Amino acid sequence: MNAVVQAVRRHAVMAVGVLVLVYLFLPVAVVVLFSFNDVTGRFNFTWQGFTLDAWRHPCRVPGMCEAVTASLQIGAIATVVSTALGTLLAFALVRHRFRGRESTSLLVFLPMATPEVVMGASLLTLFVNAGVATGFATIVIAHILFTVSFVVVTVKARLAGFDSRLEEAAMDLYANEWQTFRRITLPLAAPGILSGALLAFALSFDDFIITNFNSGNTITFPMFVWGAAQRGVPPEVNVVGAAMFVLALLCVGGAELLRRVRTARR
Amino acid sequence: MPERSGADGPALGPRDLRLVGLRKAFGSAVAVDDLTLTVPAGSFFALLGPSGCGKTTTLRMVAGLETPTAGQVLLGEEDISRRRPYERPVNTVFQSYALFPHLSVEENVAFGLRRRGRKNVKGVVAEMLELVELGGFGRRRPGQLSGGQQQRVAVARALINEPEVLLLDEPLGALDLKLRRQMQLELKRIQTRVGSTFVHVTHDQEEAMTMADTIAVMNAGRVEQLGTPRELYERPVTRYVANFLGQSNILDGSVVEVRGNETLVDVHGVGLLVPGRLGAPGSTASFGVRPEKALAVAGDPTHRDPALRNAIPGTVTDVSFTGLSTQYVVRTPWDQELGVFTQNAGGETLVRRGDPVVVAWRPEHTFPLAAGTGAMPDDEPAAPPVMAPVSS
Ligand SMILES: Nc1ncnc2c1ncn2[C@@H]1O[C@H](COP(=O)(O)OP(=O)(O)O)[C@@H](O)[C@H]1O
Ligand SMILES: [Mg+2]
Chain Y
108 MNAVVQAVRR HAVMAVGVLV LVYLFLPVAV VVLFSFNDVT GRFNFTWQGF TLDAWRHPCR
168 VPGMCEAVTA SLQIGAIATV VSTALGTLLA FALVRHRFRG RESTSLLVFL PMATPEVVMG
228 ASLLTLFVNA GVATGFATIV IAHILFTVSF VVVTVKARLA GFDSRLEEAA MDLYANEWQT
288 FRRITLPLAA PGILSGALLA FALSFDDFII TNFNSGNTIT FPMFVWGAAQ RGVPPEVNVV
348 GAAMFVLALL CVGGAELLRR VRTARR
Chain V
21 MPERSGADGP ALGPRDLRLV GLRKAFGSAV AVDDLTLTVP AGSFFALLGP SGCGKTTTLR
81 MVAGLETPTA GQVLLGEEDI SRRRPYERPV NTVFQSYALF PHLSVEENVA FGLRRRGRKN
141 VKGVVAEMLE LVELGGFGRR RPGQLSGGQQ QRVAVARALI NEPEVLLLDE PLGALDLKLR
201 RQMQLELKRI QTRVGSTFVH VTHDQEEAMT MADTIAVMNA GRVEQLGTPR ELYERPVTRY
261 VANFLGQSNI LDGSVVEVRG NETLVDVHGV GLLVPGRLGA PGSTASFGVR PEKALAVAGD
321 PTHRDPALRN AIPGTVTDVS FTGLSTQYVV RTPWDQELGV FTQNAGGETL VRRGDPVVVA
381 WRPEHTFPLA AGTGAMPDDE PAAPPVMAPV SS
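These protein sequence lines are chains Y and V, in that order.
Under my numbering, residue 373 is the last one in the first sequence; the count climbs by one each step, no gaps.
Under my numbering, residue 412 is the last one in the second sequence; the count climbs by one each step, no gaps.
Below, the structure written as C-alpha cells:
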C-alpha cells in the first residue's frame, strides 16, 4: 500500500507531463495520420485505409500548390522585411535615448492588441480609399504590419539582457564599430532575431482573417483550406500540414545539433 | 610584437602616461575634476579612493570609452584624447571582467590579436594561458569558470596585446581574501616580467600599498596626494590621506613661534613641536602622528628617551591586546581620544585602564597637514564610502 502511494508520488509529475504532451500532440498526430487516409467520398473524417497517394501527388488538387506557393512567397518577403525593420526598431528602443521613445514602445504593441478582424477591415478601407488594388502586394504589406511588433518584442527581450560593456571590451580590444557589431553584438542578439523571424513566418503563413480582407484575387494556403472545407478537405491539405510540421522539427533539431557541434569543437 | 610598434617606430618602449587637467561631468555631476598626474612608464601605479570618487571614470577616459569634458590624455608627447578606443595602445581589465560569453576562453584571449590581423595566434594564446595558470582551460566557455579563473582570463585577454598601458579596474574586488592575496602577488610578478605600465584602481588601501610603486589617493574626483606608499604613510599632507591610509591622531592648535626648523604649536594649552615652518604666530595649524609612533607611559617620558619631546597627558580609557600589539585609547583633558599602538616585543611596562599616562612621541614623527584642505570637517575618515566593501 505504502509502496503504491510512493510510486504515485514519484511519478505524478511525470504522468501529468505526459498527459499534457498527449493533449498538445494529439491534433498533430491526427493531421499526420489522415494524410495517409485512402479517402473514398468527399470527407476525410473517418479512417478508410492506408495509402501514399496524397503524398505522391499533392498537387493534383486544383489550386492547392499555387496557394501554398503564394503563402510561402508572402511569408518569405514579410519575414525578411519585418525582421529587418523590427530588429532595427528594437535596437533603437533599447540602445538609444530619443524623444518619443516611450510612446514608440507603447505604439509598437498596438498592432498586437488590435483584434485581427478590426485590423483587416480597417486596412481594406485604407486600401480602397487610397485606390490601391488588393492582391499579393497588399497581403505582404498587411503581414509586415502585424508581424513587425512580434519581432520587436522578441528582439527587445534579447537585447535587454545584453551587457553593453561587452561591446566596450571589444572596442578596447581593437575591434572597430563594424567588427564589434559583427563579432559581439550580432552573435549575441542572433537567437532573438532568429526567434523573431521564425515567429513572423509562422504568423504570416498561418494568417487567415487579415489576409481574407486584403487578398483580392490571390489565394493563400489558409484561404484555400477554408474554401475547400465547404466541399470537404482533401488529404493533400494534411500532407502540407504534416510537411510543415516535419520541416519545423528539422529546423529546431538542426539548430540544436549545430549548437552542440560548435560547443564540442570549441 | 604587434603592428603598433611597427607603425610608431621599432623598439619603442612604454611612454609616460600623463593626464592633464582631465575633467568629466555627467550633466551637473562632476565625476572627475581637473585631474593632473603623471604615471611613469613601466611603473605599477595605483589609483586609490573610496567607491564613487571617479576612479572608473578616469580609467574609461584613458581607454577612450568616455570622452573628457575637458583636459587631455597624453602618452609621451602624443595626445590620444580624441582617438577611438581601438586606436589606443591601451587595454583594460574590466571591473566585471566583461568576457565574451559566446566565445571560448582561447577565442576571448585571441580576440585582440585577431582584430589586428595576427595569424597563427594559437601558440601565443597557449603561452599566455600558461602564464595565468589556465593551461587546460582554453576550450571552456567563460560561464564554466570560477570567479578567480575568469579574472585571470580577463588579465590574459588584455595582456596578450602587450599594451603600453594596462588598466585594471578593481580586478580583485570579487575574489575572496586568500585568492586576492595570491592574485596581488601574481599581478605584481606579471608586471615585473612584461614591463608595461599598470594602472591599478582599487578602494583597498592595503592592496594599493602592497602592489604599487606609486599611489595617487583620489577623493571626490580629485587627487589628494601622490607618492610612494611609504611617503603617503609617513608624510600624509591632508586629513583625508592621513585617515584613509591607516590610522592617525590628528591635533589642531595655533602657532606660538617658529624655532629654526621646528614650529611650536599650542594645542589646548599643551606645547607641541612640529617639523617645518607652519606659519605666523597665532595662525591655526593641524598635524598628526601615527598611533604606532606614540608611547603611553606613566611619568616623565624624557626619562626613558630624551628624544620623546612631545607629550600630552591623559587617562587610559581602553586597552586591547591583538597579539601583534597592544592598542590603547587615551583621553586627553579636552576629551579627544588618541590611539597608541605598542608592539608586543616584550619588556613593556603594563598600563591599565584608568591609569593616568602621558602620550609621547618624537617631534620628527609628526606630520604637518595642509591648512584649508578642509575636505574633512572632522577627524573621521569619509566613513560610508571607505566602508563600502565593493565599489560600484
Ligand atoms: N554614465 C554616468 N552617468 C552619470 N553619472 C555617472 C556615470 N558614470 C559615473 N557616474 C558618477 O560619477 C561618479 C564617479 O563614478 P566612478 O568613476 O564609477 O567611481 P569609482 O569607480 O571610483 O567608484 C559617481 O558619483 C557616479 O555616480
Ligand atoms: Mg569603479
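The C-beta atom is built at its ideal place from N, Cα and C for all residues, glycine as well.
From a predicted model like this one, the values you see are computed outputs, not experimental measurements.
Nearest-angstrom Cβ-Cβ length linking residue i and residue j, presumed shorter than 8 Å
i: V:ALA318; j: V:VAL377; result: 6 Å
i: V:ALA176; j: V:VAL129; result: 5 Å
i: V:ARG43; j: V:ASP54; result: 6 Å
i: V:VAL287; j: V:LEU271; result: 5 Å
i: V:VAL110; j: V:PRO183; result: 5 Å
i: V:ALA66; j: V:MET231; result: 6 Å
i: V:LEU133; j: V:ASN181; result: 7 Å
i: V:GLY296; j: V:THR283; result: 6 Å
i: V:PRO191; j: V:VAL125; result: Not confirmed; about 17 Å, so no contact.
i: V:TRP381; j: V:LEU315; result: 7 Å
i: V:VAL336; j: V:ARG373; result: 5 Å
i: Y:VAL56; j: Y:GLY193; result: A question about residue 56 of chain Y goes unanswered here, because the residues of chain Y that appear run from 108 up to 373.
i: Y:GLY182; j: Y:PHE331; result: In fact, because the Cβ distance is near 14 Å, the residues do not count as touching under 8 Å.
i: V:VAL285; j: V:VAL276; result: 7 Å
i: Y:ILE291; j: Y:ALA277; result: 5 Å
i: V:VAL221; j: V:VAL237; result: Contact doesn't hold; Cβ gap of about 12 Å is too wide.
Check: residue i C-beta below 7 Å from any heavy atom of ligand 2
i: V:LYS44; result: no
i: V:ASP189; result: yes
i: V:GLN115; result: yes
With 16 other Cβ atoms within 10 Å as the buried cut-off, status of residue i
i: V:LEU68; result: buried
i: V:GLN204; result: buried
i: V:ASN140; result: exposed
i: Y:MET121; result: exposed
i: V:PRO321; result: buried
i: Y:LEU126; result: exposed
i: V:GLN164; result: exposed
i: Y:ARG206; result: exposed
i: Y:GLU275; result: buried
i: Y:ARG117; result: exposed
i: V:SER306; result: buried
i: Y:GLN113; result: exposed
i: Y:ASN321; result: buried
i: Y:PHE141; result: buried
i: V:MET407; result: Unreliable placement is indicated for V:MET407, whose pLDDT of 33 sits below 50; the coordinate value is still reported in the next sentence. Result: exposed.
i: V:HIS223; result: buried
i: V:ALA365; result: exposed
i: V:CYS73; result: buried
i: V:GLY359; result: buried
i: Y:ARG367; result: exposed
i: V:ALA127; result: Checking the sequence, you will find Glu at residue 127 of chain V rather than Ala. So V:GLU127 ends up on the buried side.
i: V:PHE64; result: buried
i: Y:TYR281; result: buried
i: V:LYS198; result: exposed
i: V:GLN202; result: exposed
Contact test: residue i Cβ vs ligand 1 heavy atom, cutoff 7 Å
i: V:SER71; result: yes
i: V:GLY74; result: yes
i: Y:THR194; result: no
i: V:THR77; result: yes
i: V:ALA49; result: yes
Short CB-CB distance (under 8 Å) between residue i and chain A
i: Y:ARG366; result: Annotation note: the requested chain A is absent from the structure, which comprises protein chains Y and V.
Can you find at least 3 beta carbon pairs, one from the stretch 168-178 of chain V and one from the stretch 106-119 of chain V, that sit closer than 8 Å?
-> Using a C-beta cut-off of 8 Å, the stretch 168-178 of chain V makes contact with the stretch 106-119 of chain V, since at least three inter-stretch Cβ pairs fall below that distance.
Three CB pairs or more closer than 8 Å across the stretch 93-104 of chain V and the stretch 152-159 of chain V = At 8 Å Cβ cutoff, the stretches do not touch.
Evaluate contact between the stretch 142-158 of chain Y and the stretch 335-350 of chain Y, counting only Cβ atoms and requiring at least three cross-stretch pairs below 8 Å.
-> The stretch 142-158 of chain Y is in contact with the stretch 335-350 of chain Y.
Is there contact here, the stretch 319-327 of chain Y with the stretch 235-245 of chain Y, by at least three beta-carbon pairs under 8 Å?
-> The stretch 319-327 of chain Y vs the stretch 235-245 of chain Y: in contact.
For the stretch 69-86 of chain V and the stretch 248-262 of chain Y, state whether three or more C-beta atom pairs, one from each stretch, are separated by less than 8 Å.
-> Touching, no, given that fewer than three Cβ pairs across the two stretches are closer than 8 Å.
Sufficient close CB pairs (3 or more, under 8 Å) joining the stretch 295-309 of chain Y to the stretch 261-274 of chain Y | Cβ pair count under 8 Å is three or more, so yes.
Looking at C-beta atoms only, is the number of pairs between the stretch 256-275 of chain V and the stretch 90-101 of chain V that lie closer than 8 Å three or more?
-> Short answer: they don't touch.
Is the stretch 214-232 of chain Y in contact with the stretch 161-173 of chain Y, if contact means three or more CB pairs nearer than 8 Å?
-> Three or more Cβ pairs closer than 8 Å define a contact, and the stretch 214-232 of chain Y falls short of that threshold against the stretch 161-173 of chain Y.
Is it a yes or a no for the stretch 152-159 of chain Y touching the stretch 277-294 of chain Y, going by three-plus beta-carbon pairs under 8 Å?
-> With the cut-off at 8 Å, the stretch 152-159 of chain Y and the stretch 277-294 of chain Y do not touch.
Stretch pair the stretch 209-218 of chain V + the stretch 234-243 of chain V: three plus CB contacts closer than 8 Å = Fewer than three beta-carbon pairs drawn from the stretch 209-218 of chain V and the stretch 234-243 of chain V are found closer than 8 Å, and the two stretches are therefore not classed as touching.
The stretch 304-313 of chain Y / the stretch 204-219 of chain Y touching (three or more Cβ pairs under 8 Å) = No, the stretch 304-313 of chain Y is not in contact with the stretch 204-219 of chain Y.
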